[in-house]
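Protein chains in written order, with the working numbering: chain A, -5 to 160; chain B, 4 to 386; chain C, 56 to 443.
We treat Cβ as the ideally placed atom computed from N, Cα and C, and that holds for glycine.
Only a predicted model underlies this, so the values are computations on that prediction, with no experimental measurement involved.
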């Protein structure tokens, strides 16, 4: 068999001709208010209190963070609440020079997955790093939460400002 | 003898309610899943070889919403996929998974968390073609109004007949623990309710509810091992008609007539009006139930059929004994799976105060809602 | 139970570009028409249609599958849209496979489309809404963050250098020069990649594939039907798919376990015991250069941490012992999400039927594999095809 396919369809619009093409505009106006649910509600309330809480599964003995009312491995309800520390180690990190809409940031953000101490090994969440220079960043570094003052906390992941080296 | 290749061996439903603020959608799904697996007598982490979820991004409020499905239904590190369709379409894929040898035990899940959605009509508006049919400022249910008028014109069903569907289904729901919108109404209450898209009134429209349903489907061999009451999926087919408002045949539900033709032929159904004991079908809007009764071949003059009581639980062909979406709430993509859930209870003889006396074979049917002409028909039987 | 054998008999692909004049429906139509033409059949012979497209947010259309229906050939047909994020493109033919294997259809049209350009100000914006409402969205998270985090973890665990990873981008953009649909073919060097502007370190501009518009389609059918159409049908040998936990911050990102599971599912069906020896050519999902390496390892085509070494040794070049992404991949041809995976399936079909022209790999090919990846770094789909 030889090459049968010769023509590939499609017409490109180049940047310079974009205004010559007809388009209709529409701005979607969508609103949601997601129920946080049993597990995340308690987690957020505890953030407001300046603490991090996890759920434990008595079958596999894991301390689950972020907390959930189900254990996805054992497929059963988790058994109770468990306070973990607000310190941890950097599992991996990156340095963001761009915002969500792909525009450039003035100051880069340090982003990390942080394994939280007290939770089962490898359990953690995404957050920002602060009070640290680019050169100091490394996988495995110990960090601790820098909390907002109590009066400013609202029950959000942003109640932790960032994590800093300790 | 109809096909007995694939059977439903377990069903589970979460609580149904207009608002389930205490639970996240994940927790709602977990509630349904736990119950379905207990009903089937299976250990989901060892026994299930394929999982299917049925969802749409904008209802979830998450892009790539399929990524949030696995953990709470036991599908971590398992084959799972999401179909952008209703729960009955998920069941059709499960049927194919069993027949193609993907797995002898497949789980289908669908849910609604409409109480999380603060702009339901805006999402419905987004369903229309952005260039030709999206009419900002006009209630997006306009198409239902157009369709209802055309249907009444062609069929001879009256507005009173349509309202009678709402009265029947909301009354049926009084006996259903999931009857979120159960009510005892008179025709006048429905006809005099607020007009949303003339001639369609609010009383003829199903109202949003939250809920999750999980269904476990197995091969014949596995089903006989697991269950002494397997419900056979003896025919299933799906069909899409025109996607553009301008081309739609608004008088009839061609997706229902076309999908039922193939489903019936798989199941050996030649006379739907007499071979089924009951029907659980789409009633997103009251007129839709009438249109579907006709397109599925259950009755020629659906208006008279319902108004005369023949679709009542004690009638010749009970339709939506459960209360349908009008009585139990509209669960978006999960509405179809709710119909399956109720049908399975009837077929097993476990429908409690709703139980009807003849309950061996039924038709279950879905429609994806405005502005689509897509739907699925399935034939279920207890033997 | 005797499962029917399934064949691939045609493929179609549009140009991949940053912006296309065609709407999503029109792109789908072009790909479908080309696939039907290449199979030598008409739409009336198609029993069912499977469509694939990633987030509705790109188009701003709810129930996008229903909207694309007529362009995708689904009018008055059993039609469904399957959805597994970035892995959708390879999943569409997998779904078409079970339509035919189950006996429900004799001929199934599989089409994947993506039109990312309608979303303003930038297609990337759609990806913000893929993240968790409570844990991640408040942080201003982007898709690039999590890939950079995965890349960094992969590098840290195995001690891999950025330069080693950059070789993938160099190879794929070079391969794309011979692809008639390619958006970003180029002759570049490792140094060019290293010097390109940092986006989210370690990810730099030239480590990343571009946003694109495009569509692709393939025709699947029963063996009986295929034998009527062609003397040399291409068989579907194996299909696999798998999802990992949504809690991606609870997983070690250095290795894609879900892909290993998906690959093993496909290999089992295909009777492949030693994939490294039995797979002749592979189209591995490469939205970022490190992903090609990561996925080679998950696919068992390289040992853990070995993929960069194979790349350095030239094994994965078009004339190498195990050609990877001879098409030019997403890095070179472009990344219209769902259509990109379909482009890979088309490429394996072209390779197995010797229609790849200048892209044809040097070695004799019998078995080829296409793979895609998606969701929160948790999903993979695998499609293995074989020439008898």
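1. So does the region 49 to 69 of chain B actually touch the region 342 to 351 of chain B, counting three or more Cβ pairs closer than 8 Å?
2. Rounding to the nearest angstrom, what Cα-Cα distance links residue 94(B) and residue 258(C) in this structure?
3. Taking C-beta to C-beta, are residue 18(B) and residue 330(B) nearer than 9 Å?
4. Taking beta-carbon pairs under 7 Å, can you tell me which members of the region 236 to 247 of chain B lie near chain A?
5. Comparing the C-beta of residue 48(A) with each C-beta of chain B, is any distance below 9 Å?
6. In chain C, which residues lie with their C-beta within 7 Å of the C-beta of residue 151(A)?
7. Is there a Cβ of chain C sitting closer than 9 Å to that of residue 144(B), yes or no?
8. Using a Cβ-Cβ cut-off of 9 Å, state whether residue 133(B) counts as contacting chain A.
9. With DSSP as the reference, label residue 170(C) as helix, strand or coil.
10. Taking the CB atoms as reference points, tell me whether residue 122(A) and residue 155(A) lie closer together than 9 Å.
11. Write down the C-beta distance between residue 426(C) and residue 145(C) rounded to the nearest angstrom, noting that I regard them as a contact closer than 8 Å.
12. Is the beta carbon of residue 273(C) less than 9 Å from the beta carbon of residue 159(C)?
13. Check the Cβ-Cβ distances between residue 89(A) and every residue of chain C, and say whether any is below 9 Å.
14. May I ask you to list, following chain order, the residues of the region 374 to 392 of chain C that have a beta carbon less than 7 Å from some beta carbon of chain A?
15. Just the Cα atoms here: how many angstroms apart are residue 17(A) and residue 173(C)?
16. Please state whether the Cβ-Cβ distance between residue 117(C) and residue 61(B) is less than 9 Å.
17. Would you call the CB atoms of residue 107(A) and residue 199(C) closer than 9 Å?
18. Quick one: grab the DSSP three-state call for residue 294(C).
19. To the nearest angstrom, report how far apart residue -5(A) and residue 116(B) are at their CA atoms.
20. Which of helix, strand or coil does DSSP assign to residue 431(B)?
21. Please identify the residue among 149(B), 110(B) and 355(B) whose C-alpha is closest to the C-alpha of residue 249(B).
22. At which residues does the beta strand (DSSP E) containing residue 442(C) begin and terminate?
23. Could you work out which residue in 26(B), 142(B), 111(B) and 152(B) is closest to residue 123(B) when comparing CA atoms only?
24. Any residues in the region 78 to 90 of chain C with a beta carbon nearer than 8 Å to a beta carbon of chain B? Which ones, in chain order?
25. Taking only beta-carbon atoms, is residue 308(C) less than 9 Å away from chain A?
26. Using a Cβ cut-off of 9 Å (strictly closer), state whether residue 213(C) contacts chain B.
27. Check whether chain A comes within 9 Å of residue 297(C), counting only Cβ atoms and requiring the distance to be less than that.
28. Step through the CB atoms of chain E and report whether any lies within less than 9 Å of the CB of residue 305(C).
29. Spatial neighbours of residue 322(C) within its chain, please: C-beta separation below 7 Å, excluding the five flanking residues on both sides.
30. In chain order, what residues of the same chain have a beta carbon less than 7 Å from the beta carbon of residue 64(C), not counting five sequence neighbours either side?
31. Curious, which full-length alpha helix (DSSP H) runs of at least 4 residues does the region 38 to 122 of chain A contain?
32. Would you kindly work out how many angstroms separate the C-alpha atoms of residue 291(B) and residue 14(B), rounded to a whole number?
33. Please give me, in chain order, every unbroken run of the alpha helix (DSSP H) with length at least 4 that falls completely inside the region 138 to 169 of chain C.
34. Going by DSSP in three states, residue 390(C) sits in which element: helix, strand or coil?
35. Would you tell me roughly how many angstroms separate the C-alpha atoms of residue 41(A) and residue 354(B), rounded to the nearest one?
36. Ignore the nearest five residues each way along the sequence and tell me which others in residue 220(C)'s own chain have a CB closer than 6 Å to its CB.
A quick look at the data gives this:
1. no
2. Against the second chain, residue 94(B) aligns to sequence position 91. Against the third chain, residue 258(C) aligns to sequence position 203. Our two residues, residue 94(B) and residue 258(C), have alpha carbons roughly 42 Å apart in a direct line.
3. Position 15 of the second chain holds residue 18(B). Position 327 of the second chain holds residue 330(B). In this structure, residue 330(B) does not lie closer than 9 Å to residue 18(B) by Cβ.
4. none
5. Residue numbering aside, residue 48(A) sits at position 54 when the first chain is read from its first letter. No - not a single Cβ of chain B is within 9 Å of the one on residue 48(A).
6. In the first chain, residue 151(A) corresponds to position 157, counting from 1. Correct list: 189, 190, 193 and 194.
7. Here residue 144(B) corresponds to residue number 141 of the second chain, with the count starting at 1. Closer than 9 Å: no.
8. Your numbering for residue 133(B) matches position 130 in the second chain. By this cut-off, residue 133(B) is an interface position.
9. Counted from its first residue, the third chain places residue 170(C) at position 115. Note: residue 170(C) maps to strand in three-state DSSP.
10. Taking the first chain and counting its residues from 1, one reaches residue 122(A) at position 128. Taking the first chain and counting its residues from 1, one reaches residue 155(A) at position 161. In contact: residue 122(A) and residue 155(A) (Cβ atoms closer than 9 Å).
11. The sequence position of residue 426(C) within the third chain is 371, counting from 1. The sequence position of residue 145(C) within the third chain is 90, counting from 1. Contact check for residue 426(C) and residue 145(C): beta-carbon distance about 6 Å, within the 8 Å limit, so the pair qualifies.
12. Along the third chain, read from residue 1 onward, the residue named residue 273(C) stands at position 218. Along the third chain, read from residue 1 onward, the residue named residue 159(C) stands at position 104. Not closer than 9 Å, so no.
13. Position 95 of the first chain holds residue 89(A). Answer yes: the Cβ-Cβ gap between residue 89(A) and chain C drops below 9 Å somewhere.
14. none
15. For the purposes of this step, residue 17(A) is taken as the residue at position 23 of the first chain. For the purposes of this step, residue 173(C) is taken as the residue at position 118 of the third chain. Straight-line Cα distance between these residues: approximately 9 Å.
16. As a working mapping, residue 117(C) is identified with position 62 in the third chain. As a working mapping, residue 61(B) is identified with position 58 in the second chain. Cβ atoms of residue 117(C) and residue 61(B): closer than 9 Å.
17. Here residue 107(A) corresponds to residue number 113 of the first chain, with the count starting at 1. Here residue 199(C) corresponds to residue number 144 of the third chain, with the count starting at 1. Between residue 107(A) and residue 199(C), the C-beta spacing is not below 9 Å.
18. The sequence position of residue 294(C) within the third chain is 239, counting from 1. Of the three classes helix, strand and coil, the one that applies to residue 294(C) here is strand, per DSSP.
19. Within the first chain, the letter at position 1 stands for residue -5(A). Within the second chain, the letter at position 113 stands for residue 116(B). Note that residue -5(A) scores a pLDDT of 41, beneath 50, so its modelled location is shaky; the value from the coordinates is reported in the next line. Distance between the alpha carbons of residue -5(A) and residue 116(B) is about 53 Å.
20. What the structure shows of chain B is the stretch from 4 to 386, and residue 431(B) is not part of that stretch, so it cannot be assessed.
21. Here residue 249(B) corresponds to residue number 246 of the second chain, with the count starting at 1. That would be 149(B), whose Cα lies nearest to the Cα of residue 249(B).
22. Numbered from its first residue, the third chain carries residue 442(C) at position 387. Here the beta strand (DSSP E) through residue 442(C) covers 434 to 442.
23. Here residue 123(B) corresponds to residue number 120 of the second chain, with the count starting at 1. For residue 123(B), the nearest C-alpha among the options comes from 142(B).
24. none
25. Position 253 of the third chain, counted from the first residue, corresponds to residue 308(C). Yes, because at least one Cβ of chain A sits closer than 9 Å to the Cβ of residue 308(C).
26. Here residue 213(C) is taken as the residue at index 158 of the third chain, counted from 1. No, no contact with chain B.
27. Position 242 of the third chain holds residue 297(C). Residue 297(C) does not count as touching chain A.
28. No chain E appears in this structure, whose protein chains are A, B and C.
29. Here residue 322(C) refers to the residue found at position 267 when the third chain is read from its first residue. Taken in chain order, the residues that qualify are 293 and 330.
30. If you number the third chain from 1, residue 64(C) lands on position 9. 94, 274, 276, 281, 284, 285 and 288.
31. Qualifying alpha helix (DSSP H) stretches: none in this window.
32. The residue labelled residue 291(B) in the question sits at position 288 within the second chain. The residue labelled residue 14(B) in the question sits at position 11 within the second chain. Computed Cα separation, rounded: 26 Å.
33. Taking only runs of at least 4 residues, the alpha helix (DSSP H) segments lying wholly in the region 138 to 169 of chain C are 143 to 156.
34. Sequence index remark: in the third chain, residue 390(C) carries index 335 (1-based). Three-state DSSP puts residue 390(C) in a strand.
35. By 1-based counting over the first chain, the position of residue 41(A) is 47. By 1-based counting over the second chain, the position of residue 354(B) is 351. If you draw a straight line from the Cα of residue 41(A) to the Cα of residue 354(B), it comes to about 45 Å.
36. Taking the third chain and counting its residues from 1, the one referred to as residue 220(C) is at position 165. Within the same chain, residue 220(C) has close Cβ partners 344 and 345.
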